[in-house]
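J.: Quick one: the structure is below, and I'll ask about it shortly.
So this is what it looks like as structure tokens:
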């Protein structure tokens, strides 16, 4: 079945390091992929969208890559800060002809001072 | 300020007592959607709407109803709530891009529902 995989284990890193989160998907090749940040008990907040014809996208300290051959997106936060601690969700359409995103379960990032 | 507003934010109710969670957006978005979020299961889509009077089931629609009579409002109705509907609910909206692609989703603050 089609699905999205994000590491369920929390990622612990030291302040100042680069955090790298992974989003893998199976079967379908999506037209785009989105990344969101979610703080506990709050609604997700959109961060970045990358399209299938884009290899990489950047926004301030954030960088997203999209490898349609590997069916994988990597989400990087450089010079991480404790305020970056949150759960990060990827979302993408999972079926042909659909442009409605399905969410992965998210990976928790904890940045230690 | 662009926002999605949900009400109530917190609700405790009893099995079988009908309730409605309201959702309103002020961005003139065509697309609106309801999700529930449970520990370990992530965000699961309940229903969505591509425009006024156009609604469709998501992944977990059982026990829920929706309506889209106006573009800005998308209420979620639980006709006969049961304890397995205890969850954190989110409403979201988005404009539609080329070929009807859903763009950046704007989420409400969430509604925490407990059904006893």
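Chains as they are written, first to last, in the numbering used here: chain D, 278 to 390; chain B, 12 to 127.
The beta carbon of each residue, even a glycine, is placed where N, CA and C say it ideally should be.
1) Determine, using beta-carbon pairs with one atom in the segment 15-28 of chain B and one in the segment 301-316 of chain D, whether at least three such pairs fall under 8 angstroms.
2) Answer yes or no: does any C-beta atom of chain B fall closer than 9 angstroms to that of residue 420 of chain D?
3) Identify each residue in the segment 306-332 of chain D for which the Cβ-Cβ distance to at least one residue of chain B is less than 9 angstroms, and report them in chain order.
4) Check the Cβ of residue 382 of chain D against every Cβ in chain B and list those closer than 9 angstroms, keeping chain order.
5) Checking the sheet assignment: what are the DSSP bridge partners for residue 301 of chain D?
6) Taking Cβ-Cβ distances shorter than 8 angstroms, what residues in chain D pair up with residue 115 of chain B?
7) I'd like to know if residue 302 of chain D contacts chain B, where contact means its C-beta is closer than 9 angstroms to some C-beta of that chain.
8) Excluding the 5 residues preceding and the 5 following residue 26 of chain B in the sequence, name in chain order all residues of the same chain whose CB lies nearer than 8 angstroms to its CB.
9) For residue 377 of chain D, return the contacting residues in chain B, with the cut-off set at a CB-CB distance below 7 angstroms.
10) Check whether the Cβ of residue 287 of chain D lies closer than 9 angstroms to any Cβ atom in chain B.
11) Just checking: is the beta-carbon of residue 390 of chain D within a distance shorter than 9 angstroms of some beta-carbon in chain B?
12) Quick check: the Cα distance between residue 355 of chain D and residue 339 of chain D, rounded to an integer number of angstroms?
13) Do residue 384 of chain D and residue 286 of chain D have their C-beta atoms within less than 9 angstroms of each other?
14) Against residue 119 of chain B, what residues of chain D qualify as contacts under a CB-to-CB distance less than 8 angstroms, listed in chain order?
15) Report yes if the CB atom of residue 289 of chain D is closer than 9 angstroms to the CB atom of residue 353 of chain D, and no otherwise.
16) Can you tell me which residues form a DSSP beta bridge with residue 150 of chain B?
17) Bridge partners of residue 343 of chain D, per DSSP?
18) Name the chain E residues whose beta carbon is nearer than 7 angstroms to that of residue 101 of chain B?
19) Could you check if residue 51 of chain B is buried or exposed, using at least 16 other CB atoms within 10 Å of its CB as the buried criterion?
T.: Here's the rundown:
1) no
2) Nothing can be reported for residue 420 of chain D, as the shown portion of chain D is limited to 278 through 390.
3) 308, 309, 311, 313, 315, 318, 319, 320, 321, 322, 323 and 326
4) In the first chain, counting from the first residue as 1, residue 382 of chain D sits at position 105. Near residue 382 of chain D (Cβ distances below 9 angstroms), the residues of chain B are 51, 52, 53 and 54.
5) Counting from 1 along the first chain, the entry for residue 301 of chain D is found at position 24. DSSP output for residue 301 of chain D lists D:282 and D:349 as bridge partner(s).
6) Stepping through the second chain from its first residue, residue 115 of chain B is reached at position 104. What residue 115 of chain B touches in chain D: 311, 323 and 326.
7) To locate residue 302 of chain D, count along the first chain from 1; it is residue 25. By this cut-off, residue 302 of chain D is not an interface position.
8) Position 15 of the second chain, counted from the first residue, corresponds to residue 26 of chain B. 91, 92, 93, 94, 126 and 127.
9) For the purposes of this step, residue 377 of chain D is taken as the residue at position 100 of the first chain. Residues of chain B passing the Cβ test: 59 and 113.
10) In the first chain, residue 287 of chain D corresponds to position 10, counting from 1. No, because no Cβ of chain B sits closer than 9 angstroms to the Cβ of residue 287 of chain D.
11) Here residue 390 of chain D refers to the residue found at position 113 when the first chain is read from its first residue. Judged by the 9 angstroms Cβ criterion, residue 390 of chain D is not in contact with chain B.
12) Residue 355 of chain D sits at position 78 when you count from the first residue of the first chain. Residue 339 of chain D sits at position 62 when you count from the first residue of the first chain. Their backbone Cα atoms lie some 7 angstroms apart in a straight line.
13) On the first chain, position 107 is the one that residue 384 of chain D refers to. On the first chain, position 9 is the one that residue 286 of chain D refers to. Result yes, Cβ atoms of residue 384 of chain D and residue 286 of chain D sit closer than 9 angstroms.
14) Numbered from its first residue, the second chain carries residue 119 of chain B at position 108. In chain order: 320.
15) Locating residue 289 of chain D in the first chain gives position 12, where the first residue counts as 1. Locating residue 353 of chain D in the first chain gives position 76, where the first residue counts as 1. No, Cβ-Cβ distance for residue 289 of chain D and residue 353 of chain D is not below 9 angstroms.
16) The question about residue 150 of chain B has no answer here: the residues shown for chain B are numbered 12 through 127.
17) Numbered from 1 along the first chain, position 66 holds the residue referred to as residue 343 of chain D. Answer is D:350, bridged to residue 343 of chain D.
18) Looking at the structure shown, chain E is missing, and the protein chains on hand are D and B.
19) What you label residue 51 of chain B is simply residue 40 of the second chain in a count that begins at 1. Label assigned to residue 51 of chain B: exposed.
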